[in-house]
Amino acid sequence: MLIDPDVVRDAIVGLSDSLTVPFVLTTGLSSLGTSHLVVLGGVAELIAGAISMGIAARVVRSCSGETEREVEEVLGPIGVDEPTCRAVAKSLRDSGGEEEASPESRTNDVETGSSLRWSKDVGLTAFLLKFGQGMEEVPTRRLYISAFTIGMGYLIGGLIPLFPYFFIPHAQTALVYSCIVTGVVLLIFGAIKATGDGR
Numbered sequence: 683m684l685i686d687p688d689v690v691r692d693a694i695v696g697l698s699d700s701l702t703v704p705f706v707l708t709t710g711l712s713s714l715g716t717s718h719l720v721v722l723g724g725v726a727e728l729i730a731g732a733i734s735m736g737i738a739a740r741v742v743r744s745c746s747g748e749t750e751r752e753v754e755e756v757l758g759p760i761g762v763d764e765p766t767c768r769a770v771a772k773s774l775r776d777s778g779g780e781e782e783a784s785p786e787s788r789t790n791d792v793e794t795g796s797s798l799r800w801s802k803d804v805g806l807t808a809f810l811l812k813f814g815q816g817m818e819e820v821p822t823r824r825l826y827i828s829a830f831t832i833g834m835g836y837l838i839g840g841l842i843p844l845f846p847y848f849f850i851p852h853a854q855t856a857l858v859y860s861c862i863v864t865g866v867v868l869l870i871f872g873a874i875k876a877t878g879d880g881r
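Using the numbering used here, you'd call the opening residue of the sequence shown number 683 and step up by one each time.
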């Protein structure tokens, strides 16, 4: 049985963040001298980070699914297939973030005149948003699986830089081992991710 690509993607997101953030925190806490405090701070950060990543994943997946359904609801009846609808939704999401990217772009919009600003609101995006009302509910099972996968990936991956502190009482010595272990895991993770991306 093959693993769902969405689950793999979610696990990679959780693992990649968890290898850096807890490592930086434990490095700073190592200056306190005792591994006990590093472990307490690290575990607290892992729990908070896993919860935060899980909630963020659920919200992002929810919004992503809504956009795809809205596009499919509008374009589907006129014969546009599902992969094309997904591509349009992705394009809309990508272009939506660029319009609000910088304060300079907002200032330039005001300076160029209201007619140009108005023209950005007309088109497919506005049409989809207007007619996207009354869509069916987001499949919550997938949202919760994504949130759980990212959260657990963060929690499990974050234990890697914290692992030496469990066994070595002197924090500076544990820091050296943590640097080595985290560096090796990041190199392996990067190599696997690069080969999976085809680079």
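Glycine included, each C-beta is placed from N, C-alpha and C at the ideal position. Values in this document were obtained by computation on a predicted structure and should not be read as measured data.
To the nearest angstrom, how far is the alpha carbon of Ser734 from that of Val720? Their backbone Cα atoms lie some 21 Å apart in a straight line.
Nearest-angstrom Cβ-Cβ length linking Ile737 and Ala829, presumed shorter than 8 Å: 7 Å between Cβ atoms; contact.
Nearest by alpha-carbon distance to Thr709: which of Tyr836, Phe845 and Lys875 is it? Thr709 has its Cα closest to that of Phe845, out of Tyr836, Phe845 and Lys875.
Let me confirm a value: Phe705 is counted as buried when at least 16 other C-beta atoms fall within 10 Å, else exposed. Which label applies? Flag for Phe705 reads buried.
Considering Ser698, what are the terminal residues of the alpha helix (DSSP H) in which it resides? Pro687 to Ser700
Count the other C-beta atoms from every protein chain shown that fall within 10 angstroms of the C-beta of Glu727, then say buried if there are 16 or more, exposed otherwise. buried
Work out the CA separation of Val863 and Val689 for me, nearest whole Å. Val689 and Val863 have their C-alpha atoms some 25 Å from each other.
Please go through the same chain and pick out, in chain order, the residues whose beta-carbon is closer than 8 Å to the beta-carbon of Leu701, but skip the five residues on each side of it. Gly839, Gly840, Ile842, Pro843, Thr864, Val867, Leu868 and Phe871
In the DSSP assignment, find the unbroken alpha helix (DSSP H) run with Thr822 in it and report its ends. Thr822 to Phe849
From Phe848 to Pro765, what distance separates their C-alpha atoms? 48 Å
List the whole-angstrom C-beta distance separating Asp686 from Ala739, where the pair is believed to meet the contact cut-off of C-beta under 8 Å. Their Cβ separation, rounded to whole angstroms, is 15 Å, which puts Asp686 and Ala739 out of contact at 8 Å.
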